[in-house]
Every structure is written in C-alpha cells, then in structure tokens.
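Colleague:
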Amino acid sequence: MKHVAIITSGLVGITNASLKLVKKLKDEGYKVTYLCPIDIKEKIEKHKIDYIQLPEINFDFTFLKPKGVIYHFTHLKSQYCNGFKALNFEVYEKTLSDLKPNLVLIDEELHELIFTCIKFNIPVKLISQFFCSRMRYNLPPIRTSIIPKNGLKGSLIGILYAWVFLKMKVFGRAYLNKITLKNSRRSILKKYAKSIGLSRKVLISRNFPSVFIHKYLPILSMTLPELEFPHSKPKNITYIGPMVFENNSENLNLPNTLKAIIDSKTKNNKKLIYCSITTMTETGDTSFVKKVIDAVKDEKKWELIISLGGKLSSNTFNNLSNNVHVFKWVPQFYLLSKIDCSINHGGIHTINECISNKVPMLIYSGKKYDQNGNAARIAYHGLGLMGDKDIDTSDEIHSKINTILKNINFQKEMLTTYTIYKSYDAKKISSYL
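Quick note: UniProt numbering has the sequence shown finishing at residue 433, numbered continuously throughout.
Okay, structure coming up:
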C-alpha cells in the first residue's frame with residue numbers, strides 16, 4: 001500500500017478541499033497521513049485520518065538587528081543559521097525523514113516543506129487551489145479583474161502593462177525588504193534552496209501565491225481548466241478539478257427560522273438569495289452589505305439570507321424589511337443547494353461549492369489575493385456577473401440580481417459547468433499520481 005502524506009496550510013478552504021482529496025485517496029486504497037502547521041488535529045482526526053502536528057510556518061521572520069543594519073552584514077553566517085532554525089527546517093527535516101512517505105502532496109505556498117522534500121528526494125507534487133498565475137501574453141495576472149479582449153486593459157498591451165506593473169511591485173517589495181532587513185523569509189528560503197542545489201531559475205518570485213511559483217515541479221490544480229482564460233498552459237500543471245467536501249452538510253441542526261425561509265421557496269414561490277460576508281469586513285464593506293439589503297427590500301418575492309461569518313455584529317443592521325434575514329452563521333454548503341443566486345466575495349472554494357450546487361453567482365470581489373481574477377473568470381464564462389462593491393449602487397445591485405434570476409442562460413452555463421465538474425469528480429486520483 002502506497003503511503004501518501006498531505007500537507008496544507010490549515011486554512012479553512014484548502015483544509016476542506018484536502019479532506020475530499022484524502023477521502024478519494026483512502027477509497028482507492030492509499031494510506032494517508034495528514035500534516036499541518038496549524039492545529040486542526042480535532043477536525044482531521046474526526047474523519048479517522050492519521051495526523052501529525054507541525055510547528056507553525058514563520059511567515060513574518062525578520063533578521064535580528066541588535067546594533068543596527070551593519071550587524072547583519074558582519075554576522076551573515078549566524079544570521080542565516082538563526083534563520084534556518086526560526087523557519088523550523090530541522091523539525092521539518094526530521095519529521096519527513098522519520099515518516100518516509102512514498103509521495104507528498106503539499107500546498108504550493110509551504111516552501112519550507114517543499115524544499116525539505118526535495119532535499120531528501122521524496123517524490124512531491126504541489127496542490128494548488130488557484131487558477132494559473134504564470135505570465136502569458138494573453139493571460140492577465142490573477143490579482144486583477146482584467147478580462148482578455150475587453151477594453152484597453154484587456155488588450156495585449158493592457159495585459160502586458162499589468163504584468164510589468166506586477167513584476168515591478170514584486171521586485172520593488174523584495175528589494176525594499178532586503179535593504180531594510182524586514183520580512184526576511186524569502187532570503188532564508190533562497191539560501192536554503194541554494195544549499196540543497198536548487199537553482200533560482202526554477203523559482204519565479206511572486207507576492208501571490210506566496211513568495212515563489214515553482215517552474216517545473218508538478219502541480220495539481222484543484223480548479224477547472226474550462227474556467228481558465230484561453231492561454232498556453234504550463235506543462236507542469238495538471239487539472240484535477242474542484243475538491244468539494246460534501247460531508248460538510250451532514251448532521252445539521254438548522255435553526256427553525258432558516259427552515260421556514262427555505263420552505264417559503266416552494267410554498268410561496270420565492271427566490272432565495274444568499275449573501276456570504278466571510279471576508280467582507282474591511283472598512284467600507286459594511287456599507288456594501290447595507291446596499292445589498294436596500295437592493296432587495298422592496299422585492300416581495302425575494303428572500304435575502306445574509307451570513308455574517310462571525311465577523312460582524314447583527315446589531316450593525318437594524319430595521320430590516322421582512323424579506324431580509326441576518327444570521328451569525330449558516331451551513332453554507334447545505335444552503336447553496338437551496339438558493340437561486342449566491343452573492344459572494346470571489347473566494348475559489350465558495351465558487352467551487354456554487355458550481356457543485358449549480359448556483360449562478362453575483363460576485364463582488366473582496367479585492368484580495370485571487371478574488372478579482374476569479375470574479376473575472378466567472379463573468380467571462382457566463383456563470384454569473386461581477387460588480388464593484390465600492391462603486392455599485394443599490395439600484396445597480398438590484399439590476400444584476402434581477403438579471404441573474406431572470407436570464408436562463410446563466411443557469412444553462414452553470415449546468416454545463418456542473419457536468420464538467422462531475423466528470424472530473426468521477427476520475428480516480430491515482431490517475432494523476
């Protein structure tokens with residue numbers, strides 16, 4: 001029996017996706033051990049998966065400067081030795097050396113552990129939750145909302161400019177960190193990579209995904225290639241489709257209020273709209289939620305369910321109309337199977353859950369990480385619409401919701417994409433390994 005180790009960051013989205021990956025592996029006869037730098041032991045062992053706790057990734061490591069910047073340059077050897085210890089390389093090396101897996105599937109942002117696998121010649125494949133972020137003349141950076149062939153920004157010149165601007169930001173920030181000796185993790189990682197014989201030419205510097213993109217290591221992308229923009233795909237990327245862990249909706253204890261709202265869809269021919277606000281909590285986003293509420297308040301055949309995700313207080317929203325319902329938390333995956341439109345921030349895992357439940361989307365990007373690029377792809381492929389949370393008025397939000405509810409083409413495209421998703425879901429993981 002082959003022994004596969006899975007290592008993720010422990011963040012909610014990729015953890016849930018990895019649980020689906022583990023289930024598929026175990027169903028196919030693999031022995032699986034789960035390792036994580038965040039303590040998710042209880043969540044993982046609940047599914048009868050062997051678990052090993054790793055020390056946390058030291059994302060914020062900074063070189064010591066007890067006597068100013070000059071100290072660093074007069075103590076380079078000790079600075080880097082301390083850096084290797086601070087980034088826990090010794091612990092990671094011992095853990096993986098003792099475990100002796102046949103294969104490691106590892107989050108593409110956990111470079112300390114990726115490099116450790118390379119050092120010990122442990123076969124490794126990276127798992128990615130993102131669409132392609134490699135530079136291509138017809139592929140905009142994932143952090144932008146640019147749609148190819150759409151306006152000046154979507155022209156070849158516009159896309160090239162976006163890449164040049166991104167590269168300048170990456171190298172500018174890296175240079176600033178280097179001369180100020182701040183955020184020194186990148187420097188330590190480069191030094192360690194060199195010490196194990198890994199050429200810098202195989203690492204592409206980025207701010208997102210974090211620090212580097214690996215040019216040649218095999219990457220398993222948990223996205224649909226059919227939702228990419230047209231471009232020449234890197235040879236090291238294999239698409240395995242979204243990993244949606246459907247067990248999240250088992251053994252639910254639904255509030256009676258929520259049950260009544262869901263029942264109203266069939267009893268009173270209502271349209272259910274679900275707005276998730278998990279990351280919409282920065283300055284100004286409360287006003288966006290209020291605009292969404294204002295957009296639906298006069299529609300008697302619409303019911304709006306808002307999940308605050310534990311981030312905002314329900315007291316923030318007062319004097320609500322009868323068709324607006326605010327909850328601290330709702331079982332998202334279950335609810336998505338009942339609704340007609342999802343208003344979300346563009347997180348890839350929410351998008352994948354919408355696809356698995358055939359729900360058209362209105363995406364107001366949270367403007368973080370890959371959210372802009374995800375929103376652009378959903379709009380481009382006709383699975384929904386996108387807007388700007390800082391600009392759109394309540395009337396514009398209303399118009400977009402109305403369009404999604406009434407235009408049957410969104411549902412048709414979603415059904416087509418759902419069929420594609422299920423075809424990936426039916427494939428054995430072993431075929432990619």
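Each residue gets a CB set at the ideal place from its N, CA and C atoms; glycine is no exception. Predicted model only: the values in this text are computed from it and were never measured.
Can you find the residues in the same chain that come closer than 6 angstroms, C-beta to C-beta, to L189, ignoring five residues on each side of it along the sequence?
Modeller: The answer, listed in chain order, is H111.
Colleague: Between E109 and I219, which are expected to be in contact by the criterion C-beta below 8 angstroms, what is the C-beta distance as a whole number of angstroms?
Modeller: Not a contact, Cβ separation roughly 12 angstroms.
Colleague: Among the residues of its own chain, which have a CB less than 6 angstroms from the CB of K297, if the five just before and after it don't count?
Modeller: Here the set comprises S321.
Colleague: Determine the closest residue to K182 out of K43, G366, L64, S431, with distance taken between C-alpha atoms.
Modeller: That would be L64, whose Cα lies nearest to the Cα of K182.
Colleague: Give me, in chain order, the residues of the same chain whose beta-carbon lies closer than 7 angstroms to that of Y192; leave out the 5 immediate sequence neighbours on both sides.
Modeller: The residues are F84, F89, F115.
Colleague: Would you say P123 and N138 are within 8 angstroms of each other, going by their C-beta atoms?
Modeller: Their beta carbons are not under 8 angstroms apart, which means P123 does not touch N138 by this criterion.
Colleague: Restricting to runs no shorter than 3 residues, where is the beta strand (DSSP E) found entirely within the segment 201–235?
Modeller: Counting only runs of 3 or more, we get 203–206, 211–214, 219–221.
Colleague: In whole angstroms, what is the alpha-carbon distance linking residue 463 and G382?
Modeller: The structure shown does not extend to residue 463, since the chain is modelled only from 1 to 433, so the question has no answer here.
Colleague: Considering Cα atoms alone, identify which of L415, Y364, N402 is closest to D390.
Modeller: It is Y364.
Colleague: Compare the Cα-Cα distances from E246 to each of L335, R134, H325, D294 and report the closest residue.
Modeller: E246 has its Cα closest to that of L335, out of L335, R134, H325, D294.
Colleague: Enumerated in chain order, which unbroken segments of the beta strand (DSSP E) with a length of 3 residues or greater are wholly contained in the segment 366–403?
Modeller: Correct list: 384–387.
Colleague: Is it true that the CB of I355 sits closer than 8 angstroms to the CB of Y432?
Modeller: Result no, Cβ atoms of Y432 and I355 do not sit closer than 8 angstroms.
Colleague: Roughly how many whole angstroms lie between the Cα atoms of E93 and R173?
Modeller: For E93 and R173, the distance between alpha carbons rounds to 30 angstroms.
Colleague: Spell out a yes or no on whether the segment 285–305 and the segment 392–410 are touching, meaning 3 or more CB-CB pairs, one atom from each, closer than 8 angstroms.
Modeller: Judged by Cβ distances under 8 angstroms, the segment 285–305 makes contact with the segment 392–410, as three or more pairs qualify.
Colleague: Helix, strand or coil, according to DSSP, for V12 in the structure here?
Modeller: In the structure shown, V12 sits in a helix (DSSP, three-state: H, G or I).
Colleague: Between the alpha carbons of N357 and S199, how many angstroms are there, rounded?
Modeller: Distance between the alpha carbons of N357 and S199 is about 44 angstroms.
Colleague: For the 8 angstroms Cβ check, are there 3 or more pairs between the segment 29–36 and the segment 123–136?
Modeller: No: the two stretches stay apart, fewer than three of their Cβ pairs being nearer than 8 angstroms.
Colleague: Could you pull out every residue in the same chain whose Cβ sits closer than 8 angstroms to the Cβ of R206, ignoring the five residues on either side in sequence?
Modeller: Cβ neighbours of R206 beyond the five flanking positions: S133, V170, F212, I213.
Colleague: Closest to N374 by C-alpha separation, out of L227, K259, I179, would be which residue?
Modeller: It is L227.
Colleague: When the distance is taken between beta carbons, is I343 closer than 8 angstroms to V359?
Modeller: The answer is no: Cβ separation not under 8 angstroms.
Colleague: Tell me where the alpha helix (DSSP H) around L252 begins and ends.
Modeller: Run containing L252: none; DSSP gives neither H nor E here.
Colleague: Residues in the same chain with beta-carbon distance under 6 angstroms from M243, minus the five sequence neighbours each way, listed in chain order, please.
Modeller: The answer, listed in chain order, is A17, K20, L21, M222.
Colleague: Grouping DSSP H, G and I as helix and E and B as strand, with all else coil, what is S145?
Modeller: Coil, per DSSP.
Colleague: Nearest-angstrom Cα distance between M280 and I196?
Modeller: Note that M280 scores a pLDDT of 45, beneath 50, so its modelled location is shaky; the value from the coordinates is reported in the next line. Each residue's Cα considered, the two are about 42 angstroms apart.
Colleague: Under DSSP, the beta strand (DSSP E) around S342 begins and ends at which residues?
Modeller: Where S342 is concerned, the enclosing beta strand (DSSP E) stretches over 341–344.
Colleague: Could you check the C-alpha separation between H128 and K233 for me, to the nearest Å?
Modeller: According to the sequence as given, residue 128 is Ser; it is not His. Computed Cα separation, rounded: 15 angstroms.
Colleague: Could you name the residues of the same chain whose beta carbon sits closer than 6 angstroms to that of S276, not counting the 5 residues immediately before and after it, in chain order?
Modeller: For S276, where only same-chain residues beyond five positions count, the Cβ hits under 6 angstroms are S307, N344.
Colleague: Using the three-state DSSP reduction, which class does C132 fall into: helix, strand or coil?
Modeller: Looking at C132 - three-state DSSP - the assignment turns out to be coil, as it is neither helix nor strand.
Colleague: State the start and end residues of the unbroken beta strand (DSSP E) segment that holds K191.
Modeller: K191 -> not in any beta strand (DSSP E); alpha helix (DSSP H) instead, spanning 185–195.
Colleague: Anyone know if the C-beta pair for residue 473 and I262 falls short of 8 angstroms?
Modeller: Residue coverage of the chain in this structure runs from 1 to 433, which leaves residue 473 outside it and unanswerable.
Colleague: On the criterion of 16 or more Cβ atoms from any shown chain inside 10 Å, does T419 qualify as buried, or is it exposed?
Modeller: The residue in question, T419, is exposed, as its Cβ has fewer than 16 Cβ neighbours within 10 Å.
Colleague: Check whether the Cβ atoms of F317 and V330 lie closer than 8 angstroms to each other.
Modeller: Not closer than 8 angstroms, so no.
Colleague: Do A376 and I146 count as a contact pair if the criterion is CB distance below 8 angstroms?
Modeller: Contact: yes.
Colleague: What does the alpha-carbon distance come out to for the pair T283 and F165?
Modeller: Interpretation of T283 is limited by its pLDDT of 44, a score under 50 that renders its predicted location unreliable; the figure taken from the coordinates is listed afterwards. Between T283 and F165, the C-alpha separation is close to 26 angstroms.
Colleague: Skipping 5 residues on each side, what residues in its chain have a beta carbon closer than 7 angstroms to that of L152?
Modeller: Cβ neighbours of L152 beyond the five flanking positions: G158.
Colleague: Let me know the secondary structure DSSP gives V164 once reduced to three states.
Modeller: V164: helix per DSSP, three-state reduction.
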